[in-house]
Ligand code: PLP
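In my numbering, the protein residues as written are 405 to 792.
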């Protein structure tokens with residue numbers, strides 16, 4: 405779908421992208437200056453496999469400030485994006501046929517990565533038809549082969565921030581049953597309505613080395629630095645040692661120039677994160693207003709990220725076909741809910757401009773809702789609906 409959208413764009417078609425998974429802001433100036441300074445030295449070599457110490461120190465400060473825990477440098481491994489961090493963790497933890505509980509709706513890469521390392525993804529869908537995971541559904545899915553549970557809150561694709569009660573129960577359960585809890589916190593500061601991200605460590609007394617919690621984070625989403633490809637994992641030292649072995653035989657280390665950029669982002673002016681958060685919160689309010697006025701569409705208000713996952717099943721049960729239809733008729737890119745384990749829904753991103761959001765939703769309405777105006781302008785082309 406993305407390729408088709410790109411092809412249409414190249415032809416000059418007025419495509420609106422509500423599928424994007426990255427903020428539009430430029431990289432923070434401190435990230436650029438720090439990486440440029442490193443590049444200017446001309447001394448661009450391998451770094452230690454698990455990351456340069458000065459970046460690890462910045463990650464330690466970040467973790468102390470945001471997670472109330474002070475990791476040791478040996479509890480940290482820096483990788484080429486949070487994606488590689490998650491892969492390293494799964495490769496390290498899983499033996500063939502080990503099971504990993506994945507909570508639907510889920511980020512598309514989790515089940516694929518589990519399968520790549522010969523594990524078995526066990527998808528848990530809330531039985532009540534909602535988007536918030538429930539402990540009782542998880543308990544039914546846990547068995548003797550369960551090695552880990554992955555949790556991602558704020559959540560891609562639903563935008564939901566999971567309740568403190570749920571996270572507390574999940575942490576306590578994992579610590580008690582010796583099941584690893586992989587906490588993908590890549591969106592953790594992108595939360596709205598004056599909520600504060602609650603770190604999972606708040607729900608355990610254990611030190612990082614004794615705990616089952618593994619925290620994944622990075623600079624991609626909060627700092628709008630997806631192209632810099634730096635992420636990290638915080639885990640017990642014994643796991644970090646194995647992950648370091650894995651990484652040393654695959655990529656050796658993350659690029660030193662990009663590690664310098666990440667250090668710049670973490671140690672530089674932090675108001676950039678807050679200003680991004682405020683922009684996205686405003687966009688969230690805009691998209692909610694549009695969707696709430698959309699006949700037949702059910703939407704749960706997202707508490708974070710830049711996604712929502714409205715239910716369009718009143719119009720079309722097959723999300724792949726619906727997504728294709730919207731691209732063909734209205735030049736709007738969406739992501740089918742099926743890819744996230746939730747059929748009948750579409751993931752809409754509000755990381756773009758307010759104009760894109762309002763026009764994108766107006767075009768979707770025009771395609772689907774017979775009560776919406778019959779004529780619309782797409783770019784400077786007047787389009788008349790003749791299929792409802
Ligand atoms: N985790 C989630 C839930 C994501 O949505 C993404 C990116 O879309 C990632 C991890 C990967 O982040 P990175 O760009 O740091 O690899």
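Ideal placement from N, C-alpha and C gives every residue a C-beta, glycine not left out.
Let me check one thing: in DSSP terms, what residues is residue i bridge-paired to?
| i | result |
| --- | --- |
| residue 711 | 753 |
| residue 786 | 781 |
| residue 575 | DSSP lists no partner for residue 575. |
| residue 622 | 635 |
| residue 588 | 620 |
| residue 552 | 504 and 584 |
| residue 702 | 715 |
| residue 525 | 504 |
| residue 421 | 737 |
| residue 595 | 708 |
If you run the structure through DSSP and keep just helix, strand and coil, what is residue i?
| i | result |
| --- | --- |
| residue 636 | strand |
| residue 761 | helix |
| residue 502 | coil |
| residue 649 | helix |
| residue 483 | strand |
| residue 617 | strand |
| residue 769 | helix |
| residue 603 | coil |
| residue 456 | coil |
| residue 439 | helix |
| residue 721 | coil |
Do residue i and residue j have their C-beta atoms closer together than 9 Å?
| i | j | result |
| --- | --- | --- |
| residue 435 | residue 627 | yes |
| residue 530 | residue 566 | no |
| residue 663 | residue 482 | yes |
| residue 718 | residue 701 | yes |
| residue 667 | residue 462 | yes |
| residue 638 | residue 445 | no |
| residue 522 | residue 500 | yes |
| residue 655 | residue 454 | no |
| residue 561 | residue 636 | no |
| residue 508 | residue 745 | yes |
| residue 681 | residue 593 | yes |
| residue 524 | residue 502 | yes |
| residue 620 | residue 587 | yes |
| residue 726 | residue 750 | yes |
| residue 552 | residue 585 | yes |
So is residue i buried or exposed if we call it buried at 16+ other beta carbons inside 10 Å?
| i | result |
| --- | --- |
| residue 410 | exposed |
| residue 772 | buried |
| residue 442 | buried |
| residue 485 | buried |
| residue 474 | exposed |
| residue 774 | exposed |
| residue 675 | exposed |
| residue 640 | buried |
| residue 471 | buried |
| residue 450 | exposed |
| residue 457 | exposed |
| residue 753 | buried |
| residue 495 | buried |
| residue 415 | exposed |
Query - Lining residues of ligand 1 - beta-carbon closer than 6 Å to any non-hydrogen atom, in sequence order - result: My final list is 425, 485, 486, 487, 511, 556, 560, 588, 590, 622, 624, 630 and 635.
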